[in-house]
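Just so you know, we're using our numbering here: the first sequence kicks off at 36 and counts up by one. Glycine residues also receive a C-beta, built at the ideal position from the N, C-alpha and C atoms. First up is the structure itself, then whatever we jot down about it.
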Amino acid sequence: MENALYIYNSLSRCKQPFKPLNAPHVGMYVCGPTVYGDAHLGHARPAISFDLVFRYLKHLGYKVRYVRNITDVGHLEHDADEGEDKIAKKARLENLEPMEVAQYYTNRYHAAMDKLNVLRPSIEPHASGHIIEQIAMVQKILDQGYAYVENGSVYFDIEKYNKEHPYGILSGRNFEEMLNTTRQLSGQEEKHNPVDFALWKKAEPKHIMRWPSPWSDGFPGWHMECSAMGCKYLGETFDIHGGGMDLMFPHHESEIAQSVAANGKQPVVYWMHNNMITIGGQKMGKSLGNFITLDEFFNGSHLNAKGEEMIAQPYSPMTIRFFILQAHYRSTLDFSNEALQAAEKGYNRLMEAVKAAKSLKATDGAQPLDIQKIVDACYDAMNDDFNSPIVIANLFEAVRIVNTVKDGKAQINAEELALLNKLFQDFVFDILGLVESNASEGSGALIDGLMQTIIDIRKQARANKDWATSDKIRDELAKLHITLKDGKEGTSWVVD
RNA sequence: GGUACCUUGCCCGAGUGGUUAGGGAUCGGUCUGCAAAACCGGGGACGGCGGUUCGAAUCCGCCAGGUACCUCCA
C-alpha cells in the first residue's frame with residue numbers, strides 16, 4: 036500500500052515517510068496509565084492523539100495491532116517513601132488489596148476513555164500479568180553482561196552499555212553530561228553509577244507487591260514492563276511507540292537501552308511523543324498538583340489549592356476531544372475556560388452542519404463546488420504527521436458550503452453531495468472519532484413532552500400576536516437556563 | 001548549570017521563503033413581532049534588533065520572555 040503518510044520521528048527529529056516493517060500489518064505500542072488515580076486532562080492527550088493515529092492507519096487499510104499497557108505494578112516513589120511503589124502505597128493507605136486499587140482505577144480509566152470515544156486497544160496488557168516475561172528479559176540482559184546484581188537487586192550498567200551503544204540517542208544527551216547533572220538521591224548506594232537504573236528491585240519487608248525471582252522477592256524496575264510486553268506482542272522491533280514527551284527521558288531512553296542490550300537491535304522504528312497540556316502556561320501534572328480530572332470537566336467543578344473554582348461550566352467529552360484535536364499533538368495546548376468554550380461552540384457548529392448535510396437536496400446539473408479539493412486537503416493534512424487542526428479547518432470550509440446550500444444560495448449536484456457526506460463520515464466520525472450527541476445526559480420523554488407542550492402554547496400565542504404571553508414563556512424559561520431557538524422549521528430548546 | 005523547544009491578530013490555535021488557515025469574540029448584514037439562536041460577510045498578526053535574499057512572519061545570528069526534560073509524571 037503506497038501512500039504519502041509522513042510521521043515525525045522523535046528519534047531522527049524529522050518527518051519520515053511511513054514504511055511499516057510488515058505491511059499491511061502495523062505494530063504500535065503506547066504507554067498507558069498508572070492506575071493509582073483518576074485520569075486527568077493530561078491523560079486524555081496521548082489517548083486521543085494515538086487514537087487518531089490508530090484510526091487513521093486503519094482508515095488507510097493497515098491492520099494495526101495497538102498495544103497499550105496498564106501499569107499496575109506502580110513506579111517507585113523516590114522521595115520520602117523509599118522504594119515503595121505507588122499502587123502499594125495507595126493500597127496500604129486505603130487498606131485495600133493492591134489489585135483492588137488497580138482494578139478500581141482501571142475501570143474508571145476505561146469509563147472516561149469510553150466517554151471520549153477513544154477506541155480500546157487491540158491488547159491491553161497488565162504489568163502484573165507479565166512478571167515472568169520481565170524476569171526473563173532481565174536475565175537476558177544479565178547474560179549479555181549489561182547488568183549486575185547487588186544485594187538482590189539488578190541494575191542496568193549504563194557505563195558498560197554506553198561503550199558499545201550510545202546511551203541518550205532519543206533524548207539527545209550524552210553519558211558524560213549526565214554524570215554531572217544527575218542528582219544524588221539517597222538509597223542508591225547499591226548502584227555502581229548514579230545514572231544506572233533498576234531492572235529488578237528487592238522488596239523491603241513492608242512492601243506488599245512482590246514476586247519471586249532468581250535474585251530476590253521483589254518487583255520489576257520502572258521501565259521493564261514496556262520493553263517486555265512490547266517485545267512479547269509486537270516483536271523485537273516494531274513500527275511505532277508512542278507516549279507523552281515527559282516519558283522520553285528516562286523511560287523511553289531506558290527502554291531502548293534494555294531492548295538493545297537484550298536483543299541486540301533497536302526496538303522501535305518510529306518514536307512518537309505527544310506534547311503536554313498546560314494550565315496557566317505550566318504543565319498539568321500529578322506531581323505539580325495542578326491537574327483537573329476528566330470527570331471534573333464532565334461535571335463542571337474543580338477547586339484548586341486556593342479553593343478557587345477552575346471550571347466555569349461542565350464540558351462534554353466531545354468538547355474535550357474536539358479541543359484536543361484542534362491543536363497539533365506535538366504542540367503544547369493551554370487549558371482555559373475561554374478556549375474550551377470556543378471549542379464547544381465550534382464543535383456544535385460542525386456537528387449541526389454534518390447533520391444538515393444529510394438532508395440537503397441535490398440539484399441536477401449544479402455547478403461543481405470542488406468538494407474533492409477539500410477531501411484532498413484533509414488527506415494531505417493527515418498525511419503530514421496527523422495534522423488534525425488543518426483537517427478541522429478544512430471541515431469548516433465544508434460547513435460553510437453546507438450552510439450556503441441550505442440557505443438556497445448555492446446548489447450542489449448529487450455526486451458532490453454524496454462526496455460531502457462521505458467526507459464527514461470518514462473524517463468527522465471515523466478518523467477524528469467525534470460523535471454526534473453532545474447533549475448532557477438524557478432529558479427524558481417526560482421533559483421532552485412538557486417542553487413540546489410549552490412550545491406549542493407559545494406558538495399559538497405568537498400566531499395570535501400575543502407577544503406578552505410569548506415573551507413571558509421565553510423569559511421564564513430563560514431563568515431556568517432553557518434557551519428557546521426559533522428557527523424556520525419551528526422552535527427547539529437547549530439547556531445551558 | 002546542561003539539553004531541547006516555544007514566542008502569531010482581543011483569545012485559542014495552524015502554516016508557509018512571495019498567494020485566505022480555522023475556531024471563538026467583536027463589527028456589518030440576512031432572518032425575526034422584538035430579541036435570542038442560526039446563517040453570510042468584513043476588519044485585524046506574525047516578541048525585539050541585525051543579517052542572507054529580488055522578497056522573510058517563514059532561513060541565520062544576537063537579545064528579551066516563556067516552557068519542558070535532567071526525579072515519578074501523559
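| field | Candidates Gly479, Asn456, Gln174, Leu454: closest to alanine 296 by CA position | value | Gln174
| query | Contact check, methionine 307 vs isoleucine 42 under 8 Å by CB: the rounded distance? | reply | Between isoleucine 42 and methionine 307 the Cβ distance is about 7 Å, and since that is below 8 Å, they are a contact.
| request: To the nearest angstrom, report how far apart lysine 241 and phenylalanine 232 are at their CA atoms. | output: 22 Å
| field | Counterpart residues of leucine 519 in DSSP-defined beta bridges | value | Trp528, per the DSSP bridge assignment.
| query | Does DSSP put phenylalanine 232 in a helix, in a strand, or in coil? | reply | coil
| task | Identify whether proline 255 lies in helix, strand or coil by the three-state DSSP scheme. | result | strand
| Which class does threonine 328 belong to by DSSP, given the choice of helix, strand or coil? | DSSP places threonine 328 in the strand class (E or B) of the three-state scheme.
| query | Taking all protein chains shown into account, do 16 or more other C-beta atoms lie within 10 angstroms of the C-beta of alanine 15, making it buried, or fewer, making it exposed? | reply | In the structure as shown, the chain starts at 36 and stops at 531, and residue 15 therefore has no counterpart that could be examined.
| query | Hey, leucine 56 and threonine 313 are a contact pair by Cβ (cut 8 Å); roughly how many whole angstroms apart? | reply | Going by Cβ atoms, the distance from leucine 56 to threonine 313 rounds to 35 Å, so no, they are not a contact pair.
| request: Note down the Cα distance separating phenylalanine 370 from glycine 315, rounded to an integer number of angstroms. | output: Looking at the two C-alpha atoms, the distance is approximately 7 Å.
| task | Taking tyrosine 140 and tyrosine 71 to be in contact with their CB atoms under 8 Å, please state how far apart those CB atoms are, rounded to whole angstroms. | result | 6 Å
| task | Go through its chain and collect everything with a Cβ distance to alanine 397's Cβ below 7 Å, but skip five positions before and after it. | result | Ile447, Asn448, Ala449, Leu452
| Length of the line joining the Cα atoms of lysine 380 and glycine 278 | 30 Å
| said: Going by DSSP in three states, tryptophan 246 sits in which element: helix, strand or coil? | reply: strand
| query | By the 10 Å Cβ neighbour count, where 16 or more other Cβ atoms means buried, how is lysine 457 classified, buried or exposed? | reply | exposed
| query | In chain order, what residues of the same chain lie with their CB nearer than 6 Å to the CB of phenylalanine 464, ignoring the 5 residues before and after it? | reply | none
| task | Would you check if there are 3 or more beta carbon pairs closer than 8 Å linking the stretch 159-168 to the stretch 99-108? | result | yes
| field | Straight-line Cα distance separating lysine 318 from alanine 126 | value | Between alanine 126 and lysine 318, the C-alpha separation is close to 27 Å.
| request: Within its chain, find whatever has a CB closer than 6 Å to the CB of leucine 515; leave out the 5 residues flanking it on each side and keep chain order. | output: Apart from the 5 residues on each side of it in sequence, leucine 515 has no Cβ closer than 6 Å to any other Cβ in its chain.
| Ends of the beta strand (DSSP E) at glutamate 185? | 182-185
| message | Three Cβ pairs or more, each shorter than 8 Å: is that satisfied between the stretch 382-397 and the stretch 424-439? | response | yes
| Spatial neighbours of phenylalanine 421 in its chain, beta-carbon cut-off 7 Å, leaving aside the 5 residues before and after | Leu87, Val88, Tyr91, Tyr364
| So lysine 226 and tyrosine 181 are in contact, right, with Cβ under 8 Å, and what is the actual spacing, rounded? | Tyrosine 181 and lysine 226 do not touch by the CB rule: their CB atoms are close to 14 Å apart, not below 8 Å.
| task | Check isoleucine 42 in the structure and name its three-state DSSP category. | result | strand
| message | To the nearest angstrom, how far is the alpha carbon of serine 351 from that of valine 99? | response | 29 Å
| request: Using 10 angstroms around the beta-carbon of isoleucine 359, count the other beta-carbons present and answer buried if the total reaches 16, otherwise exposed. | output: buried
| query | How many whole angstroms separate the CB atoms of glycine 77 and phenylalanine 357, which I take to be in contact at a CB cut-off of 8 Å? | reply | Not quite, the Cβ-Cβ distance comes to about 17 Å (not below 8 Å), so this is no contact.
| query | Between alanine 474 and the rest of its own chain, which residues show a CB-CB distance below 7 Å, the 5 nearest in sequence each way excluded? | reply | Per-residue confidence for alanine 474 stands at a pLDDT of 49, beneath the threshold of 50, marking its modelled position as unreliable; the derived number appears in the next sentence. Counting only Cβ-Cβ distances below 7 Å, and skipping sequence neighbours, we find nothing.
| message | Using the Cβ count rule (16 or more neighbours within 10 Å means buried), how would you classify cysteine 66? | response | buried
| request: Thinking lysine 236 and phenylalanine 254 are a contact (beta carbons under 8 Å), I'd like their distance in whole angstroms, please. | output: 6 Å
| If you check the beta carbons only, do threonine 367 and asparagine 309 fall under 8 Å apart? | It is not a contact, given that the beta carbons lie outside the stated cut-off.
| field | Beta carbon of aspartate 274 nearer than 8 Å to that of glycine 522 | value | no
| message | Suppose the cutoff is 7 Å on Cβ atoms and the five residues either side in sequence are ignored; what does the same chain contact list for proline 424 look like? | response | Around proline 424, the same chain offers Gln361, Ala362, His363 as residues with beta carbons nearer than 7 Å, after the five sequence neighbours per side are excluded.
| query | Could you check where the beta strand (DSSP E) with aspartate 274 kicks off and where it finishes? | reply | 273-279
| query | Nearest to proline 302 by CA position, among Ile482, Tyr64, Ile122, is which residue? | reply | Tyr64
| request: Quick one: residues in its chain with C-beta nearer than 7 Å to the C-beta of leucine 282, no 5 flanking neighbours on either side, listed in chain order? | output: Cys66
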